[in-house]
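Number of protein chains: 2
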Amino acid sequence: MQNRQAITILAALAQESRLAVYRLLIEHAPEGLAASAIAEKLGLPNATLSFHLKELSHAGLVSSRQSGRFIYYAPVIETMDELVGYLTDHCCSQSAGTCATAAARCAPGKRKSTARRRSTSA
Amino acid sequence: MQNRQAITILAALAQESRLAVYRLLIEHAPEGLAASAIAEKLGLPNATLSFHLKELSHAGLVSSRQSGRFIYYAPVIETMDELVGYLTDHCCSQSAGTCATAAARCAPGKRKSTARRRSTSA
DNA sequence: TTTATAATTCCATCATTATCGAAATGTGGA
DNA sequence: TCCACATTTCGATAATGATGGAATTATAAA
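Here is the structure:
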C-alpha cells in the first residue's frame, strides 16, 4: 500500500461520524445497511451522511449496492486489513525488532516481529 | 482504547508531513532524532515541524527528551500497537468471523479471528 | 555575561473539511 | 404516467487544520 492511500484511509476513519458509520456497518457485515437505516441509527441528516459515505467509499472502506429503492452500504474488510498491514509494517523498525508488540497481540507468545514485507506493488 | 483516542491517533497520522515524520522516527527507533535533524531530512520549516510534532505528541505517538541543546523525538510503539489493536478489534464482526484476514496476516494459517478483547480500561 | 544555536510560540493567512436545508435525481409501485 | 420515497447533489456557512516568517524562549559554549 502506498503512503497516499494510507493517508486517505486514515483520514476517512479519523472523524467521529464516519468511524461510527464504519463500526455500525461492521456490526452488520457482510450484508450491510441501507443509507436510511444508518441515518436513523446514528441520528444523522441525510445530506451529512451522504457526504461521509462518499468519503468512506472513496477510501475503499465501504462498498454500495442497490437493492430496490435502497442502497446498501457494506464494509470492505480487505481495506482495513491492508491498513493494518501498512501500520504494522511501518510501526516496526527495519533495523531492529522494536515492535514485537503489534505482532505479539495477534499471535501471543509466537514469533517476535515477523510482519512479512509486503510486495511493493500493493 | 476509546473511540476518541483512536480518532486523535488516526487524525495525527492522516497527514502527509506527520506520517513522514513518524515513519522517519521509526527508522531511527528507539533513540529518535533531534527536531533539527527531522526538519532537515524532510525539508520542513521549523515552525511547521513544531506544529506537527505537537500533534504527534498530543496523540501519544511520539515522546520527547532533552539532550543538551537538542530535543530528541522518538516513536512510542505502544500507541501504534494499541491503534492496531483497536482497528483489528473493530474490523471484525462481533457475531461472525468475517475478519480472518487481519488476524491471518499476523499468524498465517493459525487461528481465524481471535483478536482477544481488550480490557475496557485502556 | 555575552553570544550562538535549537526549538517553540505567536500571528496572520490560506486551504480543507463538516454541516445541513432545499432542490434535484433515481427507483419502483399504483 | 404519476406518485411516493430513498438518496445524492447543490450551495452557503461555520469550523478546523496547515503553513511559515518573525519574535520569543531555552540551553550551552565562549
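Residue numbers (my numbering), protein chains in the order written: chain A, 13 to 134; chain B, 13 to 134.
Just so you know, even glycine gets a beta-carbon here, dropped at the ideal spot from N, CA and C.
For B/V96, the enclosing alpha helix (DSSP H) has its first and last residue at I89 to H102. For A/R35, the nearest CB of chain B lies under 7 Å from its own CB, placing it at the interface with that chain. A/S75 sits away from A/I83, with the two beta carbons spaced by 7 Å or more. A/Q17: not part of any beta strand (DSSP E); member of the alpha helix (DSSP H) spanning N15 to L25, first to last residue. At a cut-off of 7 Å, the C-beta of A/L73 has no neighbouring C-beta in chain B.
Leaving aside the five residues that flank A/V88 on each side, the residues in its chain whose CB is nearer than 8 Å to its CB run, in chain order, G72, L73, V74 and S75. Residues of chain B whose Cβ lies closer than 7 Å to the Cβ of A/H102 are, in chain order, R35 and I38.
Judged by DSSP in its simplified three-state form, B/A59 adopts helix. Relative to B/N15, the option among A/A32, A/A18, A/I21 and A/I19 whose CA is nearest is A/A32. Taking a 10 Å sphere around the C-beta of A/E28, we find fewer than 16 other C-beta atoms and assign the residue as exposed. Where B/R77 is concerned, the enclosing beta strand (DSSP E) starts and stops at V74 to S79. Nothing from the segment 44-72 of chain A brings a Cβ to less than 7 Å from some Cβ of chain B. For B/A71, there is no enclosing alpha helix (DSSP H), as DSSP gives it neither H nor E. Across the set B/A46, B/Y98 and B/L25, the C-alpha of B/A46 shows the shortest separation from the C-alpha of B/R81. Excluding residues up to 5 positions away in sequence, L36 lie with their Cβ nearer than 7 Å to the Cβ of A/K53 in the same chain.
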